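Asker:
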Amino acid sequence: MSTSNFDNPNPLSNLEQWEDDILRRYPEPGPEKKKEEFRNYDSPEIDTVREFYRLNHKYQTYDNVLAKKERFLKFDQQQMPWWSAMEYLNTLVDDSDPDISLDQLQHLLQTAEAIRADGHPDWFVLTGFIHDLGKVLCLFGEPQWNVVGDTFPVGCKFSDKIVFPEFFADNPDSHDPRYNTKYGVYSHRCGLDKVHMSWGHDEYLYHITKDYLPEPALYMIRYHSFYSQHREKAYSHLLNDHDEKLFGWVDKFNPYDLYSKSPKAPVVSELKPYYEDLISKYLPETVSL
Ligand SMILES: [Fe+2]
Ligand SMILES: [Fe+2]
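The sequence shown begins at 34 in the numbering used here and counts up one residue at a time.
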């Protein structure tokens, strides 16, 4: 499904606006950190985030997800070495506020370096480094609402714990009796692997990496934007025991993604050899996108 002629499909001037909004919703706990720099918003930004979610919630239907899986899980867009793919992601240029914004590669390195500094296993560090690679979907012409934003199950009732729940009124699935009940096409504690999540960079990268990384890493990648579950517990009726256990890793990962941002840019050339080694330890030489 595409957006209507009247919609600007990409209301965010950069993808960071969505992530800054998550920080506004879930500020870092603890008095010792300066949070103002993360929450320093002007209202035009909030308006663009609202417009972004209006589109996201209107168009993320069950059929949209199946269509995007059909299109992108063939992995016939591009094939390249992993490091080149990370550089390719970085061509998603952030054109606003060059003083405070970091590019994609810097966010990924800051996330990974914070995980490394805390002494976590190397696959966890690698997960931090690649977790947003799926945003290359933007470079394949996908609108922002099909790439970023909070993710949530489709095929069952949209929770009012999802940000801007009122916008789901415009989603045709909200009026479709197959999809608008508590369980919809699913069953009690059926397990998340049976649940179709809204399409975006999380689900896409999960399918790219699922044969190579340990299961906790795959949960972090696949559900890192599923805030209505890992923060609000809105979909526990769809999780099985295994999901509950593995979600502990999503919780562990989340603060590194949200709170590792710092204006000090990492020196890519110094870090590259370490990350090239990590990539070659776990991942094939090239990635098919
Ligand atoms: Fe992400
Ligand atoms: Fe991220």
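Where is the CB? At the ideal position from N, CA and C, for every residue including glycine.
These numbers were taken from a predicted model, which means no experiment stands behind them.
Verify the contact flag: Asp165, CB atom, against every heavy atom of ligand 1, threshold strictly below 7 angstroms.
Answerer: On the sequence shown, position 132 is the one that residue 165 refers to. Because some heavy atom of ligand 1 lies under 7 angstroms away, the Cβ of Asp165 counts as near it: yes.
Asker: When the Cα of Val180 is compared with those of Tyr92, Leu56, Leu135 and Leu251, which residue comes out closest?
Answerer: Translated into positions along the sequence shown, residue 180 becomes position 147. Selected option, being the one with the closest Cα: Tyr92.
Asker: Quickly, what does DSSP pair Pro186 with across the bridge? List them, please.
Answerer: Position 153 of the sequence shown, counting from 1, holds the residue named residue 186. Pro186 is bridged to Met230.
Asker: What residue does the alpha helix (DSSP H) around Ser258 start on, and which one ends it?
Answerer: Translated into positions along the sequence shown, residue 258 becomes position 225. Segment: none, Ser258 is in no alpha helix (DSSP H) and carries neither H nor E.
Asker: Hey, would you say the C-beta of Thr14 is under 7 angstroms away from at least one heavy atom of ligand 2?
Answerer: A question about residue 14 goes unanswered here, because the residues of the chain that appear run from 34 up to 322.
Asker: Does ligand 2 have even one heavy atom less than 7 angstroms from the beta-carbon of His140?
Answerer: In the sequence shown, counting from the first residue as 1, residue 140 sits at position 107. Correct: His140 has its Cβ closer than 7 angstroms to ligand 2.
Asker: Exposed or buried, what is Arg72 when buried is set at 16 or more other beta-carbons lying within 10 Å of its beta-carbon?
Answerer: For the purposes of this step, residue 72 is taken as residue 39 along the sequence shown, with counting starting at 1. For Arg72, the predicted structure reports a pLDDT of 43, less than 50, and the residue's modelled location is therefore unreliable. The matter cannot be settled from this model.
Asker: Can you give me the C-alpha to C-alpha distance between Ile55 and Cys189, rounded to a whole angstrom?
Answerer: For the purposes of this step, residue 55 is identified with residue 22 of the sequence shown, where counting begins at 1. For the purposes of this step, residue 189 is identified with residue 156 of the sequence shown, where counting begins at 1. For Ile55 and Cys189, the distance between alpha carbons rounds to 24 angstroms.
Asker: For a test of the three-state rule: what should DSSP assign to Ser46, helix, strand or coil?
Answerer: As a first step, residue 46 is located in the sequence shown; it is residue number 13 there, counting from the start. Three-state result, Ser46: coil.
Asker: What do you get for Gly174, buried or exposed, if any count of 16 or more other CB atoms within 10 angstroms of its CB means buried?
Answerer: On the sequence shown, position 141 is the one that residue 174 refers to. Under the 10 Å beta carbon count, Gly174 is surrounded by fewer than 16 other beta carbons and is classified as exposed.
Asker: Could you tell me if Asp128 is buried or exposed, where buried requires 16 or more neighbouring beta carbons within 10 angstroms of its beta carbon?
Answerer: Residue 128 sits at position 95 when you count from the first residue of the sequence shown. Annotation note: pLDDT 49 at Asp128 (below 50); position unreliable, coordinate value reported separately. It is exposed - the Cβ of Asp128 has fewer than 16 other Cβ atoms within 10 Å.
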